[in-house]
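Colleague: If you count by our numbering, then the sequence shown holds residues 1265 to 2008, one letter each, in order.
Just so it is clear, CB atoms sit at the ideal spot from N, CA and C, and this is done for glycine as well.
One structure follows; several queries about it will come next.
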Amino acid sequence: MTTTTPSRGRRRAPSRMERAAGKAAALQRPRVILALLLLLALVCVMLLDGYLRAEVGGDQRVRTGASSSDVPDDVLDGGPIVTFRGGQATTVSVPDKTIALTFDDGPNPTWTPQVLAILEKYEVPATFFLVGSMVSRYPSVVRDMVDQGHEVGIHTFTHVDLSYQSDARVRREMEQTQLALAGAAGITTTLFRAPYSSETDAIDNYSWPVYKELGQDGYTSVFVDTDSDDWKRPGVSKIVQWATPKKNKGASVLFHDAGGERSQTIEALPRYIEKMRAKGYTFTTISGALEKQRQQAPASAAPGTGGSRLQAAHREATGAILYEGKALVAAVAVAEWAVPTLSVGLMVVGVAVVGRFGMMLLLARRHHRLRNRRRFSWGPEITRPVTVIVPAYNEKECIANTLDSLARSTHPIEIIVVDDGSTDGTSEIAREAALALGLTNVRVVRQENAGKPAALNNGVRSARHDIVVMMDGDTVFEPDTVRQLVQPFADPEVGAVAGNAKVGNRTTVIGAWQHIEYVMGFNLDRRMYDLLRCMPTIPGAIGAFRREAVLQAGGMSEDTLAEDTDITIAMHRDGWRVVYQEHARAWTEAPGSLKQLWSQRYRWSYGTMQALWKHRESLIDKGPSGRFGRVGMPLVVLFQIVTPVFAPLIDVFTAYSMIFIDFTAALLAWLAVLGVQLVCAAYAFRLDREKYRYLLMMPLQQLAYRQMMYLVLIHSCVTALTGGRLRWQKLKRTGEVGTPAGAG
């Protein structure tokens, strides 16, 4: 074979195959990006939901022993309202016989509407200090609150103690809450109450800088001088008693409309209002108290009125903050809908995964016992010659090893190497290897490059025997493999046999991960599908067929990228039985890099989807030919597409739970799932007589390798949904897999 060298200075024009491959790669990039964006969106939704659900508890946190030497005395001894007009801290007290009724930690969809109903009934205004995350989750409650004339203030976004936070975190807590208010009610506010605050005399050197900084930004800080302590749930009478000011003084009174079970608050509130009105008190908002103090309004003002500026602290949200706020509320609405939906999906996936493991273990055990009984036999031993077809495209590194392994076969074989337009001298190497090995039963057939299905069909047409064994050009057989593989054909109902494919290059991390997957995922599955008589795929690395069955099905189809799955389903539909022969082992070279692995699995998963769609009418086939449609199709769709697509939920929710809920419980749950998988893997390794040391790689496989397989499948689903097409892809081989003896 001769080659031409391009002249110096001239650039070789890309071939038709190179142009097609480049075009296909260009078409795939947007789909890869879309798949990654879908994953990113899921992660963002989970993070947003977890951030919003930061726990809001009772106001019982107090820093003890902190000095207040930097806090002015007139602030420590002053009223509960602290303003910073002109940069100077000024305290304001609520006028005598006046109640500035305040509520913290809301809104809450259960308790806040009940509080609003009571206030509306008694025509009492109030000031609600709202947690921004709750505002974004329940915007309609905030709109009702503002529409009824109540005043709102900021209680941070996640109910954190700002005195422990950085300046950037303080700004973020305030800005996010303002955005939430803008999106929910179209307003912003100048009022602020710090979580875990109480009276002004509790301000210390840690919290005072926060109040000063916020005061310079125009915020009015509101404290408490009368606390109902309703969060302690001491009983209705105690709540009313503790919320009553002494000696007819005015007060900023604290209740809670969220942050816990508030039935006692709901019961105490009407009694409290009636009691205070009977004592001659009026109710107002924080802005109303400031206005009354400024005007020195008489204490006998009409009950139930709070002046004409109940919303003096509110500002209309306009421009960017309004639209950003609406976007935040919309994003939260999506998260509020998505997370419960994903939770249900997680339960379904969890049940399906556990059910699959249980079914695989039971059926694999039964399969092993059935096929390894002393008296088990497929029928009279098959001793007649068979044809081994080796499709090869640029397999110069591997083809000699493949032929060398076939030369050791204990079963009489004819070997047909179909060179599918190789450009690396594969056919010449095959001929030279056959001569060196003294093989007289090897034929090398060359054809123009047409793809693997065409090469296999060429081999089937050229075969001299009624049983054909198909293998890949990078695969090596054990001496007894062919004999073991063809014995099931003693049963006239058997049309095809799947062999036991092994990873030969398992010394690397990627190889070890694939080795676990082959032993556990593929071979346990095949045992299960064998007993259920709905085997979906005969592996391209090792499979045997009745020649007449292949021809009856129309040969290896080029309609899909998974010709092995396509022909297997077609044979089911023709009424043939497909079985698994565990003792027929082949050693194949698995992809050696993540890029090659992605390409291979992408083709496999997408090709499987193509084959299932092509044979969708099997769902309505009748009799034995419809068994795959009734049993196999649902199992393959559920276990190989639906469940793996949603399986990332397990990992996402595990991470979510570790961060936002209970780290220990989530970790134990993840370890329990890993334990179940280890049990299944250990049993699979026992059946295949594999070394258990590879199972040490399984935890890392779950953290890294499995995530990649999820992305590959999601990518395939996106490609299928968008109507994309892929070409058959050739992986780069190294020839690492030599003799089977060295593969273990």
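(1) Using the C-alpha atoms, what's the distance from Ala1466 back to Val1410?
(2) Hey, could you find the ends of the beta strand (DSSP E) Glu1580 is sitting in?
(3) Any chance the segment 1729-1745 sits against the segment 1851-1858, with 3 or more Cβ pairs inside 8 Å?
(4) Which whole-angstrom value describes the C-beta separation of Phe1892 and His1836, a residue pair presumed to lie in contact below a C-beta threshold of 8 Å?
(5) Count the other C-beta atoms from every protein chain shown that fall within 10 angstroms of the C-beta of Phe1421, then say buried if there are 16 or more, exposed otherwise.
(6) Tell me which residue opens and which closes the alpha helix (DSSP H) that Tyr1870 is part of.
(7) With DSSP as the reference, identify every bridge partner of Gly1807, one or two as the case may be.
(8) Can Thr1354 and Pro1344 be called in contact, C-beta distance under 9 Å?
(9) Are three or more beta carbon pairs between the segment 1446-1453 and the segment 1393-1407 nearer than 8 Å?
(10) Since Ala1929 sits in a beta bridge, which residues does DSSP pair it with?
(11) Measuring alpha carbon to alpha carbon, tell me which residue in Gln1965, Asn1769, Gly1609 is nearest Met1784.
(12) Expressed to the nearest angstrom, what Euclidean distance is found between the alpha-carbon atoms of Arg1349 and Val1504?
(13) Flag this pair as yes or no: are the beta carbons of Val1488 and Leu1455 separated by less than 9 Å?
(14) Taking 9 Å as the threshold (C-beta atoms), are Thr1690 and Ala1719 in contact?
(15) Apart from the five residues on each side of it in sequence, which residues of its chain come closer than 6 Å, Cβ to Cβ, to Arg2026?
(16) Any beta carbon from chain C within less than 9 Å of Arg1436's own beta carbon?
(17) Short check: CB of Met1972 to CB of Leu1825, under 9 Å?
(18) Just the C-alpha distance for Gly1321 and Phe1367, rounded to the nearest angstrom, thanks.
(19) Using beta-carbon positions only, say whether Leu1518 and Ala1532 come within less than 9 Å of one another.
(20) Decide if Gln1440 is buried, meaning its Cβ has at least 16 other Cβ atoms within 10 Å, or exposed.
(21) Does DSSP put Ala1850 in a helix, a strand or coil?
(22) Alpha carbon to alpha carbon, how far is Ser1332 from Val1474?
(23) In three-state DSSP terms, what is His1520?
(24) Report yes if the C-beta distance between Glu1822 and Gly1871 is below 9 Å; otherwise report no.
(25) With a Cβ-Cβ cutoff of 9 Å, do Ala1577 and Thr1362 count as a contact?
(26) Give the secondary structure of Ile1646 by DSSP, where H, G and I count as helix, E and B as strand, and everything else as coil.
(27) Given Val1434, which residues of its chain have a CB within under 8 Å of its CB, disregarding the five upstream and five downstream residues?
(28) How would you call Ser1857, buried or exposed, if buried means at least 16 neighbouring beta carbons within 10 angstroms?
(29) Who are Tyr1844's beta bridge partners in DSSP?
(30) Compare the C-alpha of Ala1640 against each of Ser1921, Ile1530, Gln1845 and name the closest.
(31) Can you tell me whether Gly1737 is buried or exposed, with buried defined as 16 or more other CB within 10 angstroms of its CB?
(32) Grab me the residues of Val1379's own chain with a C-beta within less than 6 Å of its C-beta, minus the 5 sequence neighbours each way, in chain order.
(33) For Leu1703, which of helix, strand or coil comes out of DSSP?
(34) For the ligand PLP, any of its heavy atoms closer than 8 Å to the Cβ of Arg1747?
(35) Enumerate in chain order the residues of its own chain whose CB-to-CB distance from Arg2014 is below 6 Å, with the five nearest sequence positions on each side excluded.
(36) Would Ile1731 be called buried (16 or more neighbouring beta carbons within 10 Å of its own) or exposed?
Modeller: Taking the geometry as given:
(1) The straight-line gap from Cα to Cα measures roughly 31 Å.
(2) 1578-1580 is the span of the beta strand (DSSP E), which, as asked, contains Glu1580.
(3) Yes: the two stretches touch, three or more of their Cβ pairs being nearer than 8 Å.
(4) Going by Cβ atoms, the distance from Phe1892 to His1836 rounds to 4 Å, so yes, they are a contact pair.
(5) That one is buried.
(6) From DSSP, the alpha helix (DSSP H) with Tyr1870 extends over 1858-1878.
(7) Assignment of beta-bridge partners to Gly1807 by DSSP yields Met1734, Ala1762.
(8) If you check the CB distance, Thr1354 and Pro1344 do not come in under 9 Å.
(9) Contact between the segment 1446-1453 and the segment 1393-1407 is established, with three or more Cβ pairs separated by less than 8 Å.
(10) For Ala1929, DSSP assigns no beta-bridge partner whatsoever.
(11) Of all alpha-carbon atoms in Gln1965, Asn1769, Gly1609, the one lying nearest the alpha-carbon of Met1784 is that of Gln1965.
(12) Cα-Cα distance, rounded: 35 Å.
(13) Taking 9 Å as the Cβ cut-off, Val1488 and Leu1455 do not qualify as a contacting pair.
(14) Contact: no.
(15) In the structure as shown, the chain begins at 1265 and stops at 2008. Residue 2026 is therefore absent and cannot be evaluated.
(16) Considering every chain present, this structure includes no chain C. It has just one protein chain.
(17) Cβ distance not < 9 Å, so Met1972 and Leu1825 don't count as in contact.
(18) Only weak support is given to the placement of Gly1321: the predicted model assigns it a pLDDT of 47, under 50, and the value that follows is read from those uncertain coordinates. Their backbone Cα atoms lie some 14 Å apart in a straight line.
(19) Contact: no.
(20) With 16 or more Cβ atoms within 10 Å of its Cβ, Gln1440 is classed as buried.
(21) The answer is strand: DSSP assigns Ala1850 an E or B state.
(22) If you take the alpha carbons of Ser1332 and Val1474, they lie about 13 Å apart.
(23) DSSP, read as helix, strand or coil, puts His1520 in strand.
(24) Their beta carbons are not under 9 Å apart, which means Glu1822 does not touch Gly1871 by this criterion.
(25) No Cβ-Cβ contact shorter than 9 Å links Ala1577 with Thr1362.
(26) When DSSP states are grouped into helix, strand and coil, Ile1646 belongs to the coil group.
(27) Around Val1434: Leu1426, Val1474, Glu1477, Leu1478.
(28) Answer is exposed; the Cβ neighbour count stays below 16.
(29) Note: Tyr1844 sits in a beta bridge opposite Ala1762.
(30) Note on identity: in this sequence residue 1640 is Phe, with Ala being the wrong assignment. When C-alpha distances from Phe1640 are compared across Ser1921, Ile1530, Gln1845, the shortest belongs to Gln1845.
(31) With 16 or more Cβ atoms within 10 Å of its Cβ, Gly1737 is classed as buried.
(32) Around Val1379: Asp1521.
(33) Three-state result, Leu1703: coil.
(34) Although the ligand PLP was asked about, the structure shown includes no ligands whatsoever.
(35) A query on residue 2014 cannot be resolved here, the shown segment of the chain reaching from 1265 to 2008 and no further.
(36) So Ile1731 counts as buried.
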